[in-house]
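Residue numbers (our numbering): 54 to 257. Here the structure comes first, spelled out in structure tokens, and everything after it is commentary.
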């Protein structure tokens, strides 16, 4: 197996590999160009992201600055939005569904390192994939750790450290992140009522 194949399979690998360094260099180039775009260059920003990522929906928006290791291992669905200072360390696949919103300074980390210091010092590392479902809102300054799966219809409170899987249909927060409660029909009715009031005030 190549070092890249080992990396994507979650096995120990060496990042100082020629092919991996070439991929990383390309990601650094594209993120640098993306982060230097002006406020009136929306189409160019989207073009850089579509070239950088493994796959995206038609609608995607990320506020600069954004950083990642490779980019091509990131797969996002329709209507993905990330606020300022998002970091995605994609040594393994990061799969994100439709209608997912990130607050500022959200970090998604797939990279991990051996606990044993002697092995760690050799430069060996490994990764675990991260998966996020549809209709998820991740609050600012949240960290999503390697190997985590977050279900659909989830709200993650700001500042959360997500170390274990989060089921669908819940609000979760804390360090470590834990489920606080389910998202209910009452929540849905309340927010639909709020939207209706907004539409009425707006004359729509």
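Note that beta-carbon positions come from the ideal geometry of N, C-alpha and C, so glycine has one too. These figures come from a predicted structure and were not determined experimentally.
Here's the rule: buried if 16 or more other CB atoms are within 10 angstroms of the residue's CB, otherwise exposed. What is residue i?
i, result
"residue 54", "exposed"
"residue 60", "buried"
"residue 237", "exposed"
"residue 175", "exposed"
"residue 243", "exposed"
"residue 72", "exposed"
"residue 69", "exposed"
"residue 199", "buried"
"residue 185", "buried"
"residue 254", "exposed"
"residue 143", "buried"
"residue 123", "buried"
"residue 233", "exposed"
"residue 213", "buried"
"residue 189", "buried"
"residue 197", "buried"
"residue 150", "buried"
"residue 179", "buried"
"residue 159", "buried"
"residue 168", "exposed"
Mapping DSSP to helix, strand and coil, what is residue i?
i, result
"residue 123", "coil"
"residue 83", "helix"
"residue 20", "Outside the shown range of the chain (54 to 257) lies residue 20, about which nothing can therefore be said."
"residue 108", "strand"
Let me make sure I understand the geometry here. Which of the options has the alpha-carbon closest to that of residue i?
i, options, result
"residue 94", "78, 75, 114, 79", "114"
"residue 137", "193, 168, 125, 98", "193"
"residue 148", "228, 133, 230", "133"
"residue 75", "234, 125, 224", "125"
"residue 225", "252, 246, 191, 249", "191"
"residue 111", "81, 131, 121, 158", "131"
"residue 227", "235, 209, 239", "209"
"residue 120", "57, 152, 157, 91", "157"
"residue 116", "57, 168, 179, 90", "90"
"residue 66", "109, 96, 173, 78", "173"
"residue 182", "83, 57, 63", "63"
"residue 152", "146, 140, 135", "135"
"residue 230", "239, 211, 247", "211"
"residue 98", "107, 108, 83", "83"
With a threshold of 9 Å between beta carbons, is residue i in contact with chain B?
i, result
"residue 95", "The chain inventory of the structure shown lacks chain B, comprising one protein chain alone."
Segments assigned alpha helix (DSSP H), at least 4 residues, entirely inside the stretch 126 to 186:
170 to 174
May I ask you to verify whether the stretch 202 to 213 touches the stretch 161 to 168, counting CB pairs closer than 8 Å and requiring at least 3?
no
Beta strand (DSSP E) segments (min. 3 residues) lying fully within the stretch 202 to 246
207 to 209, 223 to 226, 231 to 235
Segment contact, 8 Å Cβ cut-off, at least three pairs: the stretch 218 to 237 with the stretch 97 to 113:
no
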